[in-house]
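Input: a single structure, listed below in structure tokens.
Chains as they are written, first to last, in this note's numbering: chain A, -16 to 251; chain B, -16 to 251.
In structure tokens:
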């Protein structure tokens, strides 16, 4: 459920909004290893704005069509601009991925690169970063290929540290992540702003990459998936038995400080 | 999608709200002849109010449990109070009821009584009317029994005239409704306010009764369903070939004026 002024700015471009509202849902399905099939859409709109609706629908259906997803129900009413999409997918019985299931000794992997979406909040003029923020691509094909390969998975929507925290909690494991192994958005290379990079890469949200744990002896199988799909999959650390504890090590092996995940109801 | 200040008053009692938010969805399924199975719930809340959530959930799950409906997904976020429930049901292939399918010569039926919910807006002190407005009972069992019996159906959410208009349009038929045959909420008997009664019974929303068309030779079968379920089913008129035209006749056979349905985006 996306609320104007909270999840997106007033006046946000409707085509990008239609894309993103669906993308974040497809990303959730990808993290379950599910193939997306159907969506419902409920819209509250301050007024019946035909132009807005046309552009919003164009963004939404372009992405839906690419994944063969059908709109099967919903509602429209007047109210503060609110977009609620529910996505339904299919996964073979017993094959769905969840946050639970990771074990000490597993390798931790992340797809693509991190930090680009939140970089766009600080530097909206960086086009590639803005693209990451406003037009995220859900990792649907990767999610499907991780069935039977990953032991636990989540999509990085609230930041690596926060979302990894969910896996650690539900799987009752700990993790060591090596900062220098994290795949960072290309824009950080030129910026030389270590603090901003760390904030965005460890704690920035909205990247919609998949973070997953796999048994160490599946290392080659994960690399084969990366090659097959033509996307980067980076081994960023390993799991241990320190329940719930995340340690991030810098290049010299020293623990780094970081901020955790996002709480929608935290006092701000 | 129910928005505070539009679909319910600020400060509305959360238990009743939980009931009604689900009831209106189950009513939609009943109008399709579907057996309700699953729901998703998305909530935007101005603050994490535990007491409110507890009461809202109590109202919602009491009704869900009575119908064996399971909550299978959803979302919670911060925002202007907005409740979006999507309900999923099952109906045998080819047996779903819709607004299309009614034919000239069919009888028109309505369940229960009309006007009680909207009467509560004018007279909130009438307890039975307030109950109709705030705690509507979806006609789930009736909807299931109408499979293969009704040719078209809709639930009365926006008022008899407006909702019947949807059947007339989609079925490309007209209708004559006899005002004196309409089942009116019991409270009107004592009030002797003919104008208010007419407004509420013909044009008032939120009753969530089922309005349906059935072939004339199924009259006895419909009466048998009424007896079996212990609910009133009243024959209120008949369909004709005057596409889209609704005529309401008073006791002397003269056409009555009435207001149509509700447009969420009409200028007010």
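Ideal Cβ placement from N, Cα and C applies to all residues, glycine included.
- In this chain, the alpha helix (DSSP H) harbouring residue 150 of chain A covers 143 to 154.
- Within the model, the alpha-carbon separation for residue 64 of chain B versus residue 64 of chain A is close to 12 Å.
- The continuous stretches of beta strand (DSSP E) do not include residue 106 of chain B, and DSSP gives it neither H nor E.
- Judged by DSSP in its simplified three-state form, residue 235 of chain A adopts coil rather than helix or strand.
- In this structure residue -16 of chain B touches residue 67 of chain B by the C-beta definition: roughly 4 Å separates them, less than 8 Å.
- Between the alpha carbons of residue 142 of chain B and residue -7 of chain B lies a distance of about 23 Å.
- Neighbours of residue 69 of chain A in chain B, taken as residues at a C-beta separation under 9 Å, are given in chain order as 23, 25, 56, 57, 58, 67 and 69.
- Taking a contact to require three or more Cβ pairs closer than 8 Å, the region 146 to 160 of chain B and the region 194 to 214 of chain B qualify as touching.
- One thing to note: residue 208 of chain B has its Cβ within 9 Å of the Cβ of residue 128 of chain B.
- For residue 184 of chain A, no beta strand (DSSP E) run applies, since DSSP gives it neither H nor E.
- The secondary-structure analysis by DSSP pairs residue 223 of chain A across a beta bridge with A/157.
- For residue 3 of chain B, the secondary structure class from DSSP, reduced to helix, strand or coil, is helix.
- Across the region 143 to 156 of chain A, no CB contact with chain B closer than 8 Å is found for any residue.
- Boundaries of the beta strand (DSSP E) harbouring residue 58 of chain B: 53 to 61, taken from the DSSP string.
- Close partners of residue 16 of chain A in chain B (Cβ separation under 9 Å) are lacking, with about 16 Å as the shortest Cβ gap.
- Residue contact check for residue -16 of chain A against chain B: a CB pair falls below 9 Å.
- In this structure, A/178 is the residue among A/216, A/178, A/225 and A/222 with its C-alpha nearest to the C-alpha of residue 233 of chain A.
- With contacts defined by Cβ atoms closer than 9 Å, residue 92 of chain A and residue 216 of chain A form a contacting pair.
- Here residue 242 of chain B is exposed: its Cβ has fewer than 16 other Cβ atoms, across all protein chains shown, within 10 Å.
- Near chain A, meaning a CB-to-CB distance below 9 Å, no residue of the region -6 to 12 of chain B qualifies.
- Not a single CB atom of chain A sits nearer than 9 Å to the CB of residue 95 of chain B.
- For residue 24 of chain B, same chain residues with a beta-carbon under 7 Å away, outside a window of 5 residues either side, are 54, 57 and 68 in chain order.
- The count of Cβ pairs closer than 8 Å, one atom from the region 78 to 90 of chain B and one from the region 27 to 41 of chain B, stays below three, leaving the stretches out of contact.
- Taking the C-beta atoms as reference points, residue 89 of chain A is found no nearer than 9 Å to residue 139 of chain A.
- Pairing residue 112 of chain B with residue 228 of chain B, the inter-Cα distance amounts to about 30 Å.
- In the DSSP assignment, residue -9 of chain B falls outside any alpha helix (DSSP H) and carries neither an H nor an E.
- Below the 7 Å Cβ cutoff, chain A contributes no neighbours of residue 107 of chain B, its closest Cβ being approximately 23 Å away.
- DSSP places residue 192 of chain B outside both helix and strand once states are collapsed to three, so it counts as coil.
- Cβ contact annotation for residue 73 of chain B (same chain, cutoff 7 Å, sequence separation greater than five): 17, 18 and 20, in chain order.
- Residues of the region 209 to 220 of chain A that bring their beta carbon within less than 8 Å of a beta carbon in chain B are absent altogether.
- Secondary structure of residue 240 of chain B (DSSP, three-state): coil.
- The beta-carbon of residue -12 of chain A is placed less than 9 Å from the nearest beta-carbon of chain B.
- Per DSSP, residue 131 of chain A lies in no alpha helix (DSSP H) and is assigned neither H nor E.
- Residue-level contact by beta carbon fails for residue 243 of chain B and chain A, as no gap is shorter than 9 Å.
- In this structure, residue 5 of chain B places its C-beta atom within 9 Å of the C-beta atom of residue 46 of chain B.
- Nearest to residue 1 of chain B by alpha-carbon distance, out of B/109, B/-14, B/163 and B/12, is B/-14.
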